[in-house]
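As structure tokens, the structure follows; a few thoughts come after it.
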Amino acid sequence: MQPVKRIEVIIDSPHLDSVLKAIEQAGISGYTVIRDVIGTGDRGPRSGDELTDVFKNCYVMTACPEDNLSQLVTAIRPLLKRFGGVCLVSDAQWIIH
Amino acid sequence: MDISLILSNLLNPPILFFFLGLLAVLLHSDLEIPQPLPKFLSLYLLLAIGFKGGVELNQSGIDRSVLVTIGLAMLMASVVPLYSFFILRLKLAASDAAAIAATYGSISAVTFITATAFLQDLNIPYSGYMVAAMALMESPAIIIGVLLYRLSGNSNRGELSWSELLRDAFFNGSVLLLLGSLLVGVLTGEAGKKELQPFTHGLFKGLLAFFLLDMGLVAARRLRDLRKAGVFLVSFAILMPLLNAALGMGLAYLVDMPRGDALLFIVLCASASYIAVPAAVRLAIPEANPSLYVPMALAITFPFNIIVGLPLYLYGIDTLWRLSHATS
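Dropping the structure here:
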């Protein structure tokens with residue numbers, strides 16, 4: 001098994017493309033997106049019941065070697081600062097790569 | 098005001114389904130429309146209304162009155178956010194003022210569609226090109242709202258991708274689908290109408306009722322957010338549509354618009370966007386609080402327009418138009 005960093009981002013749906021762009025620019029070739037995730041955070045409930053994406057979140061999960069992590073975090077931090085959202089980084093083991 | 102006008106609006110199935118949606122939330126019912134359906138219904142309504150408008154435009158052709166009406170629609174979409182912004186700045190930060198100004202400068206397609214159903218029930222004709230006017234009123238307010246914010250000297254503006262904003266304002270899904278369906282209607286005319294008749298005409302009112310049921314659910318859920326809005330914004334959400342409607346009525350009267358077109362024009366002026374604008378504003382003015390501008394448009398202005406506005410605006414048109422004929 002290969003040790004990797006697991007990165008999970010929850011962000012407003014309108015800003016999903018910016019997060020995916022940051023992932024690609026950090027040289028990470030794969031990611032998983034779950035649209036229309038709901039929950040509650042600092043900005044109150046995200047009910048996801050609108051026609052517009054304004055009250056909807058997206059969940060993005062990716063994994064990368066530790067070397068790529070700082071570039072990705074540097075790119076994502078301004079997005080979170082401006083638009084809000086959550087980014088969690090944790091240690092993980094990649095079974096097959 | 099004629100009581101039958103109010104009753105014919107209130108006892109319209111789509112409006113009653115809207116009330117049912119409101120009631121379901123107030124009674125804590127577990128009634129819910131599965132997520133992809135409201136999106137499908139909104140796309141269907143835009144397609145159907147765009148196509149119907151195109152077919153009618155194919156039959157009527159384009160003349161001076163079409164250009165005048167579309168010009169006035171664009172004018173109102175540009176002017177409303179300007180004065181709204183300066184009124185809102187009396188109490189709000191530039192970001193919220195700009196977002197709400199853009200919301201009220203743009204239009205609500207669902208309010209427009211409900212108004213067309215109201216006119217059909219009363220057998221009042223309207224022109225197909227009003228759909229084009231609606232599509233063209235969506236975007237200017239977004240651009241003006243963002244410009245007002247950028248020019249307001251706010252320090253926390255960050256970078257803005259104008260190409261992304263312009264693409265979002267002019268080619269967002271609803272504008273593109275409306276204009277595209279209008280074009281399909283213009284190109285196919287009566288033959289196209291016959292082919293799509295059961296889909297675009299037969300199902301229309303039933304699906305509008307279903308969609309308004311969901312709108313009732315969503316509007317009632319958003320009512321909670323209005324506690325944050327306060328008296329000023331709640332008053333704004335009712336008084337601004339009335340002011341915009343009065344200006345729209347004046348313009349419609351000046352160019353002698355037919356009754357049906359005048360009502361749709363006034364409804365467009367009085368309505369506020371809760372689909373196109375929030376999506377664009379969230380990208381361009383992320384500092385603005387969506388818990389203010391979405392509930393104002395969705396939970397106050399939209400119900401106000403479809404319940405009170407429609408009969409009130411038609412009464413205003415009938416009174417003003419009758420007075421003008423009596424004096425001429």
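So the sequences go chain by chain: A and B. Heads up, the first sequence is in the numbering used here, so the first residue is 1 and it goes up one at a time. Heads up, the second sequence is in the numbering used here, so the first residue is 98 and it goes up one at a time. In this text, a Cβ means the ideal position worked out from N, Cα and C, and glycines have one as well.
Same chain, Cβ closer than 6 Å to residue i, neighbours up to 5 away in sequence not counted
i: tyrosine 226/B; result: Leu154, Val163
i: leucine 304/B; result: Leu138, Tyr141
i: glutamate 216/B; result: Checking the sequence, you will find leucine at residue 216/B rather than glutamate. Cβ within range, chain order: Tyr223, Gly357.
i: isoleucine 10/A; result: Asn57, Tyr59, Gly85, Val86
i: alanine 349/B; result: Ala359, Phe362
i: leucine 128/B; result: Ala121
i: phenylalanine 267/B; result: Ser236
Under the three-state DSSP convention, the category residue i falls into
i: valine 464/B; result: Any answer about residue 464/B is impossible in this case: the structure gives chain B only from 98 up to 425.
i: glutamate 384/B; result: coil
i: aspartate 91/A; result: strand
i: arginine 447/B; result: Residue 447/B lies beyond the residue range present for chain B, which begins at 98 and ends at 425; the question has no answer from this structure.
i: glutamine 217/B; result: helix
i: lysine 56/A; result: coil
i: valine 352/B; result: coil
i: isoleucine 241/B; result: helix
i: proline 408/B; result: helix
i: glutamine 2/A; result: strand
i: alanine 190/B; result: coil
i: valine 86/A; result: strand
i: isoleucine 372/B; result: coil
Distance, residue j Cα to residue i Cα
i: serine 203/B; j: leucine 339/B; result: 15 Å
i: methionine 231/B; j: asparagine 220/B; result: 21 Å
i: leucine 88/A; j: threonine 213/B; result: 49 Å
i: methionine 234/B; j: methionine 171/B; result: 6 Å
i: methionine 346/B; j: glycine 39/A; result: 44 Å
i: alanine 342/B; j: alanine 396/B; result: 19 Å
i: leucine 279/B; j: alanine 22/A; result: 38 Å
i: aspartate 193/B; j: alanine 381/B; result: 12 Å
i: serine 18/A; j: alanine 376/B; result: 15 Å
i: lysine 290/B; j: isoleucine 372/B; result: 28 Å
i: tryptophan 94/A; j: methionine 1/A; result: 5 Å
i: leucine 104/B; j: isoleucine 76/A; result: 55 Å
i: alanine 26/A; j: glycine 277/B; result: 38 Å
i: tyrosine 201/B; j: leucine 185/B; result: 11 Å
i: leucine 262/B; j: leucine 409/B; result: 36 Å
i: aspartate 67/A; j: threonine 74/A; result: 13 Å
Close beta carbons around residue i, own chain, < 7 Å, minus the five adjacent residues each side
i: asparagine 402/B; result: Thr208, Pro338, Val364, Ala367, Ser368
i: lysine 325/B; result: Ser388, Leu389
i: arginine 318/B; result: Val122
i: alanine 145/B; result: Thr297, Phe301
i: arginine 379/B; result: Pro387
i: glutamine 71/A; result: Ala26
Contact list for residue i against chain A, beta-carbon separation under 8 Å
i: glutamine 217/B; result: Going along chain A, no residue has its Cβ under 8 Å from glutamine 217/B, so there is no contact; the nearest lies around 24 Å.
i: leucine 380/B; result: Pro14, His15
i: proline 387/B; result: Val54, Phe55
Chain-order list of residues whose beta-carbon lies under 8 Å from that of residue i (same chain, five-residue window excluded)
i: leucine 432/B; result: Not covered by the structure: residue 432/B. The range shown for chain B is 98 to 425.
i: leucine 79/A; result: Ile11, His15, Ser18, Val19, Ala22, Gly85
i: valine 352/B; result: Ser162, Val165, Thr166, Leu169
Contacts of residue i in chain B (Cβ-Cβ under 7 Å)
i: aspartate 36/A; result: Gln132
Inset, instruction - Kindly confirm or deny that the segment 60-67 of chain A and the segment 349-367 of chain B touch, where touching means at least three C-beta pairs closer than 8 Å. - result: no
Legend entry - Three-pair Cβ contact test at 8 Å for the segment 385-393 of chain B versus the segment 197-204 of chain B: yes
Legend entry - Stretch pair the segment 284-295 of chain B + the segment 342-362 of chain B: three plus CB contacts closer than 8 Å: Taking 8 Å as the limit for Cβ pairs, the verdict is that the segment 342-362 of chain B does not touch the segment 284-295 of chain B.
Inset, instruction - Assess, as a yes-or-no matter, whether the segment 101-113 of chain B is touched by the segment 20-39 of chain A under the definition of 3 or more beta carbon pairs within less than 8 Å. - result: no
Inset, instruction - Answer yes if the segment 171-183 of chain B comes into contact with the segment 234-251 of chain B, meaning at least three C-beta pairs across the two stretches below 8 Å, and no otherwise. - result: yes
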